[in-house]
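Here the structure is laid out as structure tokens; the discussion comes afterwards.
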Amino acid sequence: MPEVAPIPLRDLTTLRVGAAPARMVDAHTRDELVAALRDVWETGDEPWFVLGGGSNLLAGDEPFPGTVIRILTSGFEEIPGARDGFVRLRVEAGQNWDELVAWTVSQGLAGIEAMSGIPGTAGAAPIQNVGAYGQEIVQTLVEVELIDEATGDVSTVPASELGLGPRTSVLKHHYGSVAPRSAVVLSLTIDLARVGHEARPVADARLRSALGLTPDQAVSGSWIRETVLAIRGSKGMVLNEPDHDTHSAGSFFNNPIVSEAVSRTLPAECPRWPMTPTVDAVSVIPLSQWDGYVPPPARTETQVKVSAAWLIENSGLPKGFSLPRSRASLSTKHTLALTNRGGATAGEVGELARFVQSRVAAEFGIVLMPEPVLVGVEL
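Read in the UniProt record's numbering, the sequence shown has 186 at position 186, and its numbers run on one by one without any break.
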């Protein structure tokens, strides 16, 4: 098994924090990854976690007392099974995500181009149902290949069984909870539309809105990718070594999902998006039962997603905010990113995160939950 000298996690994560673990294994192939996981699981009590691109991890300042397995597999291939007009790709879990997106755009394939610039590896995509500007992996994902911790068995699981939702799945370890299914992604399969390189109208209203397009305005996939990269870059969400605003885990807090009643207590200018559509109920009443009375349709409570960035900024925490003598701060470009300004510790990042949570809770009564995986850090 390819065990290596442990590398400090601050050198392997985009937040630039974290000590070296007690043990580290590099898995360059699928077989090495399977063998490493089974070896760790057979010991029973040893803590472990897998590391891909390190873009969604806040690791602690104390050494992790277990094994970190780096997923360094890469590559993708076209496989049979796609319906007419589509291409089916199987992607290794360690494949760089943005390199995959760039290749699909160059081949005239559509379905993940709005997710350009998202850092990390492909294996993370189904775990948290990554998405941006109206596209989510759930729209293209066919299946994943998993290895389960409980049995060590490898199986292929359809996307419909992954519980994919807003930045979540049955594989996601949310802060303060355990993932419903403890398993590691070995590969994923996606179906992408073969659209070519010609300009075409954008069907998704959310993507049109983000890109400033009219319903009949035609653009190419490469134009969408370049524009998304420019938007993300302006927010410090594209990795750039000299720019400390990009030394982050991206959006640190999830956009909270609240009841319709709670959303009505927020200021009108707070951005919000209903999670379930309002559908006019249709009742069919047999003539033999018709008595002249039509009962009103039952009204269901709508869940509403609200902007965490807006809540943070309007709780009195502006872009660039930092606590006294701290080397961690909110991004100067986007309040939803917690950044390392150079030499910050995990403790400083955690302290800032807790302060943000307390301010938003005090102002709006909503507790923001962290999006990254936290290892050795408590909020």
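The C-beta atom is built at its ideal place from N, Cα and C for all residues, glycine as well.
Comparing C-alpha positions only, which one of the options sits nearest to residue i?
i	options	result
residue 47	56, 28, 21, 57	21
residue 61	352, 350, 346, 34	346
residue 93	374, 190, 81	190
residue 210	274, 254, 135, 82	135
residue 264	285, 238, 306	306
residue 260	251, 336, 272	272
residue 351	338, 270, 84	338
residue 330	343, 356, 314	356
residue 86	315, 227, 192	192
residue 80	142, 137, 148	142
residue 110	4, 225, 183	225
residue 222	146, 107, 181	107
residue 199	213, 131, 378	213
residue 145	139, 138, 137, 159	159
residue 113	379, 139, 75	139
At a Cβ threshold of 8 Å, is residue i touching chain B?
i	result
residue 149	Absent here is chain B; the protein component of the structure consists of one chain.
What's the C-alpha gap between residue i and residue j?
i	j	result
residue 206	residue 133	6 Å
residue 89	residue 97	13 Å
residue 71	residue 185	10 Å
residue 55	residue 15	7 Å
residue 195	residue 353	43 Å
residue 366	residue 332	23 Å
residue 170	residue 164	7 Å
residue 202	residue 168	26 Å
residue 239	residue 246	5 Å
residue 257	residue 368	10 Å
residue 316	residue 274	26 Å
residue 286	residue 293	12 Å
residue 301	residue 262	11 Å
residue 9	residue 118	20 Å
residue 122	residue 234	24 Å
residue 116	residue 82	23 Å
residue 179	residue 284	42 Å
residue 3	residue 78	32 Å
Mind checking who residue i pairs with in its DSSP beta bridge?
i	result
residue 71	27
residue 148	183
residue 190	89, 141
residue 77	90
residue 162	DSSP, once it has assigned bridges, lists no residue as partnering residue 162.
residue 265	Residue 265 is not bridged to any residue.
residue 4	24
Confirm the yes/no value for this check: CB of residue i, any heavy atom of the ligand FAD, distance under 7 Å.
i	result
residue 345	In the structure on display, the ligand FAD does not appear, and there are no ligands present to speak of.
The region 143-153 in contact with the region 97-116 per 3-pair CB rule at 8 Å: Look at the beta carbons and you see the region 143-153 not touching the region 97-116: under three pairs across the two are nearer than 8 Å.
Contact between the region 209-224 and the region 17-31 (3+ Cβ pairs under 8 Å): No, they do not touch.
Given 8 Å, three or more beta-carbon pairs between the region 37-52 and the region 64-79: In short, these stretches touch, since the Cβ pair count reaches three.
Beta strand (DSSP E) runs contained entirely in the region 313-359, provided each spans 3 or more residues: With a minimum length of 3 residues, the continuous beta strand (DSSP E) runs that stay inside the region 313-359 are 328-330, 338-340.
Alpha helix (DSSP H) runs contained entirely in the region 180-260, provided each spans 4 or more residues: Taking 4 residues as the shortest admissible run, the region 180-260 contains the following complete alpha helix (DSSP H) segments, listed from N- to C-terminal end: 205-211, 221-234.
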